[in-house]
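**Student:** I have a structure I would like to understand better, so I am pasting it below and will then ask my questions one at a time.
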Amino acid sequence: MKITQIYLRNWRCFSSAACPIGAKLIITGPCGSGKTSFLDAFCFLRDLARGVNLVRAVDRRGGLSHLRNLQARYPETDIVLMLYLKDNQKKEWIYRLRFGEEGSAPVIKEELIWYDSALLLRRPDKEDKKRAIRRQESCLSPRLVTPSIEVVAKFIRSLHYENPQPESIRNQNLMVMSSDFQEDNLLARIARTPERLRKLRLGRISEMMKTLIEGFGQLRLDRDYFGRWQLSASCEHWRPKVSWRDWTEWPEAALRLFSIFWTILEKDTPLLIEEPETGLHPEAVSQLPRIIRELVRSSHRPPQLIITTHQLYLLQDRLIRPDEILLLIPDKGGTKMAAGWPKNLIFSFLENRAAVTEEVKARLQAEKQPWLPLFFEPARRKKGFS
């Protein structure tokens, strides 16, 4: 299953915005344009699908006042998130969530799921009216999910956000880890991989790392004196005997890259990657698209990639098509999304916004802005589904 489109309304800096999503999407824009907020929309839905209560998911992000767009005006102050998905049979799924404030707490005001143009589920339903507490729980959560929509819930639950923090990676063996942390623990994931497959992946990653970091050698996973897993890399130097460096001694950029590369080879679900170029020299950044492309090709089930960046060097690869770039344009009425624009216009906008202001405004006015009604009246539920 793949994500084909997302629609946001009153979500953070997006008043009303939508964009198509292909096998790869690179999101760029000026500082503060909403790149992280865009990825957080996926993470928010993933949290709900994993069983996080709506109130808790909203509180994690600073409350409803921090999530709601500043341009939202009564009566259309609710937040709307819509995901368009396509399964392996090329059938379309649509998930729509509308939530807002009632009293002093956020509640789900509308939740709809379509499959192949047929409505499968609509909330609030009779049970929600009997027990108001249910409106703080998504139908995707393990407690409320039904067999007819399990495939959508499982897919959204599997979304993976990748923004590795070097210090957290270095200290993974020192922490008392919860079950949630164990799931995202990089060393544990590597150790669980079958040995033959693990060696193949480590060999592939070491080849890629050599092109970006000088002196970087082979990778191996072994246990330390206390029986804990440790990842080491060989260092190439003038001495005949190879020396090995524990990953606690690696540069921060090397730790981030390894985590991202391993995740690309490991996962077959959409990956949300935050600024993979952090800490790299511009010359190394320009090689990242080629390396990521080769890793995706060598993956058994290539994942869908949604990447944010602020580096022009990452966009200059000639094999990156304009329809794979999403430009976020700050505006008084909310950030606008521009997909499929010529690369030279995108570069000019990022380098000197004032020089192309008129051309950008003309393009935005010529394009049809996305709009969906806040309130929805869908067709009746198709018989045979629960």
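Mind the numbering: the sequence shown is residues 4 to 389 in my numbering, read in order. The beta carbon of each residue, even a glycine, is placed where N, CA and C say it ideally should be. Remember, predicted model here, so these are calculated numbers, not experimental data.
Per the DSSP calculation, aspartate 249 is bridged to which residue(s)?
**Tutor:** Within the sequence shown, residue 249 is the residue found at index 246, counting from 1. For aspartate 249, which the question treats as bridged, DSSP gives the partners Ser235.
**Student:** Could you compute how far the alpha carbon of leucine 222 sits from the alpha carbon of arginine 207?
**Tutor:** The count along the sequence shown starts at 1 and reaches residue 222 at position 219. The count along the sequence shown starts at 1 and reaches residue 207 at position 204. Whole-angstrom Cα-Cα distance: 10 Å.
**Student:** Rounded to whole angstroms, what is the Cα-Cα separation between alanine 390 and serine 246?
**Tutor:** An answer regarding residue 390 cannot be provided, because it is not within the stretch 4 to 389 covered by the chain.
**Student:** How far does the beta strand (DSSP E) with lysine 133 in it reach, from first residue to last?
**Tutor:** The residue given as residue 133 occupies position 130 in the sequence shown. Careful: lysine 133 lies outside any beta strand (DSSP E), inside the alpha helix (DSSP H) at 129-133.
**Student:** In terms of residues, what are the limits of the alpha helix (DSSP H) holding serine 301?
**Tutor:** In the sequence shown, the residue the question calls residue 301 occupies position 298. Note, serine 301: alpha helix (DSSP H), 291-301.
**Student:** If I measure Cβ to Cβ from isoleucine 294 and keep anything under 6 Å in the same chain, skipping five residues before and after, which residues do I get?
**Tutor:** Along the sequence shown, one-based indexing puts residue 294 at 291. Within the same chain, isoleucine 294 has close Cβ partners Met211.
**Student:** Hey, could you find the ends of the beta strand (DSSP E) isoleucine 328 is sitting in?
**Tutor:** Within the sequence shown, numbered from 1, the residue matching residue 328 stands at position 325. Per DSSP, isoleucine 328 belongs to the beta strand (DSSP E) from 328-332.
**Student:** Report yes or no: do three or more beta-carbon pairs, one from the region 269-280 and one from the region 148-162, lie closer than 8 Å?
**Tutor:** These segments touch.
**Student:** Taking serine 237 as the reference, which of Leu200, Asp50, Trp253 and Tyr228 has the closest Cα?
**Tutor:** Looking up residue 237 in the sequence shown gives position 234. Measuring from the Cα of serine 237, the nearest candidate turns out to be Trp253.
**Student:** Taking the alpha-carbon positions, what's the leucine 283 to alanine 108 distance?
**Tutor:** Sequence index remark: in the sequence shown, residue 283 carries index 280 (1-based). Sequence index remark: in the sequence shown, residue 108 carries index 105 (1-based). Whole-angstrom Cα-Cα distance: 44 Å.
**Student:** Alpha carbon to alpha carbon, how far is leucine 315 from serine 209? Give it in angstroms, no decimals.
**Tutor:** Taking the first residue of the sequence shown as position 1, residue 209 is located at position 206. Taking the first residue of the sequence shown as position 1, residue 315 is located at position 312. About 26 Å.
**Student:** DSSP has aspartate 225 in a bridge; who is on the other side?
**Tutor:** For the purposes of this step, residue 225 is taken as residue 222 along the sequence shown, with counting starting at 1. Paired residue(s): Gln233.
**Student:** Would you kindly work out how many angstroms separate the C-alpha atoms of lysine 89 and glutamate 95, rounded to a whole number?
**Tutor:** Position 86 of the sequence shown, counted from the first residue, corresponds to residue 89. Position 92 of the sequence shown, counted from the first residue, corresponds to residue 95. Those two C-alpha atoms are separated by around 5 Å.
**Student:** Hey, quick one: how far does the beta strand (DSSP E) through lysine 339 stretch, first residue to last?
**Tutor:** For this step, residue 339 is matched to residue 336 along the sequence shown. Start and end: 339-342.
**Student:** Would you give the residue range spanned by the alpha helix (DSSP H) that isoleucine 263 belongs to?
**Tutor:** Within the sequence shown, residue 263 is the residue found at index 260, counting from 1. Here the alpha helix (DSSP H) through isoleucine 263 covers 255-269.
**Student:** Please identify the residue among Arg324, Ser171, Ile30 and Asn347 whose C-alpha is closest to the C-alpha of glutamate 255.
**Tutor:** For this step, residue 255 is matched to residue 252 along the sequence shown. With distances taken between Cα atoms, glutamate 255 lies closest to Ser171.
**Student:** Do isoleucine 310 and isoleucine 30 come within 8 Å of each other at the CB atom, strictly closer than that value?
**Tutor:** As a position in the sequence shown, residue 30 is number 27, starting the count at 1. As a position in the sequence shown, residue 310 is number 307, starting the count at 1. Yes.
**Student:** Below 8 Å CB to CB, which residues in the same chain sit around leucine 124 once its five sequence neighbours on both sides are set aside?
**Tutor:** Mapped onto the sequence shown, residue 124 falls at position 121. Within the same chain, leucine 124 has close Cβ partners Glu114, Leu115, Ile116, Cys142, Thr149, Ser151, Ile152, Arg384 and Phe388.
**Student:** Is it right to say serine 19 is buried, meaning 16 or more other beta carbons lie within 10 angstroms of its own, or is it exposed?
**Tutor:** On the sequence shown, residue 19 is found 16 positions in, with the first residue counted as 1. Buried, since its Cβ has 16 or more Cβ neighbours within 10 Å.
**Student:** Does isoleucine 136 pass the burial test, meaning 16 or more other C-beta atoms within 10 Å, or should it be called exposed?
**Tutor:** The sequence position of residue 136 within the sequence shown is 133, counting from 1. Answer is exposed; the Cβ neighbour count stays below 16.
**Student:** Rounded to whole angstroms, what is the Cα-Cα separation between glutamate 277 and isoleucine 263?
**Tutor:** Counting from 1 along the sequence shown, the entry for residue 277 is found at position 274. Counting from 1 along the sequence shown, the entry for residue 263 is found at position 260. So the alpha carbons of these two residues sit roughly 10 Å apart.
**Student:** Just to confirm the assignment, what range does the beta strand (DSSP E) spanning histidine 163 have?
**Tutor:** On the sequence shown, residue 163 is found 160 positions in, with the first residue counted as 1. Its beta strand (DSSP E) spans residues 163-165.
**Student:** Find out if the Cβ-Cβ distance for the pair proline 145, glycine 54 is shorter than 8 Å.
**Tutor:** By one-based count along the sequence shown, residue 145 stands at place 142. By one-based count along the sequence shown, residue 54 stands at place 51. Yes, they are a contact pair.
**Student:** Which residue spans inside the region 17-79 form an unbroken beta strand (DSSP E) run of at least 3?
**Tutor:** Taking only runs of at least 3 residues, the beta strand (DSSP E) segments lying wholly in the region 17-79 are 17-23 and 27-31.
**Student:** Grab the span of the alpha helix (DSSP H) containing leucine 348 for me, first residue to last.
**Tutor:** In the sequence shown, the residue the question calls residue 348 occupies position 345. Start and end: 346-354.
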